[in-house]
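Working notes, beginning with the structure itself.
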Amino acid sequence: MSQRAAPPASAWEDADASYPALRRALGRLITAPGTVRVREPVTLTERLLQAIWYEGHFDSADLRLADGRPLAIRSPGRWNGEAGPDFLRAELVIGGEEVKGDVELHLAASGWRAHGHATDPAHLGVVLHVVLDIDDGLVADHLPTGRTIPRLELRTRLPGDLEALGCVVSGEDLPFESPAMIGRCQRVLSRLDADPQVTAFFEAAAVRRLRAKTERYASQLGAGDFEQVFHQALFAAMGQRASKTLFFLLAKRVPAAELRALTRPWSGRARLIAAQAVLLHVANLVRPAPPAAPLWDDETMSLVDAMNRVWAEVGGHFTDRVIPATAKWHTGVRPASFPSRRIAGLAHLCVGSHTGGEGLFAALREACLPFLPQGRDAKTLRGQIEHLVERLTVEDQSDHWAWHHTLGGKRMARPAALIGDERARSVLFNAFLPLLLLWSKRARERGLFEWTLAALRAFPALEENSVTRFMKYRVIGTPAPPKSMFRTEMRQQALFHIFTDCCDHVTTTCDHCAFFSRLPG
Numbered sequence: 025m026s027q028r029a030a031p032p033a034s035a036w037e038d039a040d041a042s043y044p045a046l047r048r049a050l051g052r053l054i055t056a057p058g059t060v061r062v063r064e065p066v067t068l069t070e071r072l073l074q075a076i077w078y079e080g081h082f083d084s085a086d087l088r089l090a091d092g093r094p095l096a097i098r099s100p101g102r103w104n105g106e107a108g109p110d111f112l113r114a115e116l117v118i119g120g121e122e123v124k125g126d127v128e129l130h131l132a133a134s135g136w137r138a139h140g141h142a143t144d145p146a147h148l149g150v151v152l153h154v155v156l157d158i159d160d161g162l163v164a165d166h167l168p169t170g171r172t173i174p175r176l177e178l179r180t181r182l183p184g185d186l187e188a189l190g191c192v193v194s195g196e197d198l199p200f201e202s203p204a205m206i207g208r209c210q211r212v213l214s215r216l217d218a219d220p221q222v223t224a225f226f227e228a229a230a231v232r233r234l235r236a237k238t239e240r241y242a243s244q245l246g247a248g249d250f251e252q253v254f255h256q257a258l259f260a261a262m263g264q265r266a267s268k269t270l271f272f273l274l275a276k277r278v279p280a281a282e283l284r285a286l287t288r289p290w291s292g293r294a295r296l297i298a299a300q301a302v303l304l305h306v307a308n309l310v311r312p313a314p315p316a317a318p319l320w321d322d323e324t325m326s327l328v329d330a331m332n333r334v335w336a337e338v339g340g341h342f343t344d345r346v347i348p349a350t351a352k353w354h355t356g357v358r359p360a361s362f363p364s365r366r367i368a369g370l371a372h373l374c375v376g377s378h379t380g381g382e383g384l385f386a387a388l389r390e391a392c393l394p395f396l397p398q399g400r401d402a403k404t405l406r407g408q409i410e411h412l413v414e415r416l417t418v419e420d421q422s423d424h425w426a427w428h429h430t431l432g433g434k435r436m437a438r439p440a441a442l443i444g445d446e447r448a449r450s451v452l453f454n455a456f457l458p459l460l461l462l463w464s465k466r467a468r469e470r471g472l473f474e475w476t477l478a479a480l481r482a483f484p485a486l487e488e489n490s491v492t493r494f495m496k497y498r499v500i501g502t503p504a505p506p507k508s509m510f511r512t513e514m515r516q517q518a519l520f521h522i523f524t525d526c527c528d529h530v531t532t533t534c535d536h537c538a539f540f541s542r543l544p545g
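Straight run, no breaks: the sequence shown in the working numbering ends on number 545.
What follows is the structure, encoded as structure tokens:
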């Protein structure tokens, strides 16, 4: 093991501390004299509420409006990144009548009047006002035309496990459909790599983003169970939109240590099938063959029989943990990423022979130790990263799920990875390495701590998403800047932080930008 000593203050920690001063300095360059404005603190909770509505993270069974009429949601609408209502062209059924129109959301119902929507022509198409709380005792809102807008209160409809919701719902991962807009900061920030001050600002922003990740995981650690926190992060990374919460919940209902202990009586392939049986049954994804369907082939029947035998033996342990049946497992998910296939891949990672007796996090941590005496140049680090990616990739052609999207589904012409390279890289960067940073700091493993920082810094850029594409346009002036500018994932993480901190989640205006604010510290 590496030298046991308290990790010293590093250049990364210095970068984190320098962030406010760098932001102020660049703000002076971006803003003209006399145009600096004081920004009021803006909460991000309303955007989280929008994400909850868009992804359907609430109990939608037997919905009732504030006036008592039943409500069914066929489509939440298109997320509007421009001025006007939050969602456009939603499809609803109110009191048995089909209704199409826009949806506005607020934390408090009184926000409708406070924000001037009652007299705003842009809101004439609103057909529903969704709120976290009704704070004024009213059941509807009004427009100058005399039309009333019904209200839906969500407070009592949110899941009881709010920790899970907060861990997996992130507004930054949701779509931004407004036209890309170059920010006022572009003439300064586009000097990235040419101006040392701008480069230092991006470095500091990336470190801030990393610190936020580690703090989020630290808040989940409790008694210090790194295995379980990594287990939860790993499962959540397999979900898409609505299913992220379900994967996180599955990880909590089948904890890492419990899954290893319950499947220990089996060995080899039988242990893998036992783990798949437990996870798929708790997820409520094992179904009997429909009576009208063609008979399942022998391979499928053999697998189902084996899983049911396991469940008959251990299922009583999970009687109160089975997740209620829901279509959200498959909402917006392509067949290659169907939850059964992802869960089958997770079983490989949780109880595979490479996992070790202590668990997957410990096994991956031990796999890093041979890297410590090696060089820290970018090429060497990237080779080490790829070695860890291989440990998180699941490609097993002997597994039923490598050839099928669903139980009883048509066999694919070619096998497909249960967990591919790109998903493995995302887990490595967003979950394992931040947790390893925390572990090595607490364990006072200086060598491992410094290697982890170096690996994070050298980590190749992951796939783009809507935020990184938008921000490249906003701050650089092109959606496709030179590849060298965003070769590493830390550079893209800087874009995320600038988006949340400076742009304040707003895509259509720079009016609330932190660069135009006098901020302390």
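Glycine residues also receive a C-beta, built at the ideal position from the N, C-alpha and C atoms.
Contact between the region 436-448 and the region 399-409 is absent: fewer than three C-beta pairs spanning the two stretches fall below 8 Å.
Residue pairing by DSSP places Thr172 opposite His166 in a beta bridge. Rounded to whole angstroms, Pro505 and Phe225 show a C-alpha spacing of 18 Å. Residue pairing from DSSP leaves Gly140 without any beta-bridge partner. Contact between Ala448 and Phe254 does not hold, since the beta-carbon distance rounds to 14 Å and is not under 8 Å. Bridge pairing for Arg102: Leu112 [DSSP]. Residues of the same chain with a CB within less than 7 Å of the CB of Trp425, apart from the 5 flanking positions on each side, are Ser364, Arg365, Ala368 and Leu442 in chain order. The criterion of a C-beta distance shorter than 9 Å is not satisfied by Gly170 and Pro109.
If you draw a straight line from the Cα of Gly161 to the Cα of Glu70, it is about 20 Å long.
In this structure, Ala478 and Arg389 do not form a Cβ contact; the two beta carbons are roughly 16 Å apart against a cut-off of 8 Å.
Shown here for Leu457: same chain residues with a beta carbon closer than 8 Å to its own, the five before and five after excluded, namely Thr476, Ala479, Leu480 and Phe483 in chain order. Residue range Gly292 to Val306 is occupied by the alpha helix (DSSP H) that includes Val306. For the 9 Å CB-CB criterion, Leu472 and Gly376 do not form a contact. Excluding the 5 residues flanking it on each side, Val310 has same chain C-beta neighbours closer than 8 Å at Ala301, Leu304, Val328, Met331, Asn332, Trp335 and Leu431, in chain order. Take Cys534, set aside five residues on each side of it, and the residues of its chain with a beta-carbon closer than 8 Å to its own are Gly207, Arg208, Cys209, Cys527 and Phe540, in chain order. A Cβ-Cβ distance of about 4 Å is found for the pair Phe82 and Arg181, placing them in contact under the 8 Å criterion.
With fewer than 16 other beta carbons inside 10 angstroms of its own, Ala285 counts as exposed. Considering only Asp249, Val123 and Leu116, the residue with the shortest C-alpha distance to Ala96 is Leu116. For Val278 and Trp77, the gap between their C-alpha atoms comes out near 28 Å. Within the region 224-287, the runs of alpha helix (DSSP H) at least 4 residues long that lie entirely inside it are, in chain order, 250-260, 266-277 and 280-287.
In the DSSP assignment, Lys496 falls within the unbroken alpha helix (DSSP H) covering Ser490 to Ile500.
For Glu122 and Glu251, the gap between their C-alpha atoms comes out near 49 Å.
Just so you know, the alpha carbons of Leu258 and Glu414 end up roughly 15 Å apart.
For Val334, the uninterrupted alpha helix (DSSP H) segment begins and ends at Asp322 to Val338. When rounded, the separation of the alpha-carbon atoms in Asn308 and Asp219 is 55 Å.
Contact annotation: Lys276 and Gln256 have beta-carbon atoms nearer than 9 Å.
When rounded, the separation of the alpha-carbon atoms in Ala114 and His153 is 12 Å. Beta-bridge partners assigned by DSSP to Pro484: Thr512. Boundaries of the alpha helix (DSSP H) around Asp445: Asp445 to Val451. Assignment of Ala132 by DSSP, reduced to helix, strand and coil, places it in the strand class. Judged by DSSP in its simplified three-state form, Lys124 adopts strand. Rounded to the nearest whole angstrom, the C-alpha separation of Gln244 and Gly125 is 40 Å.
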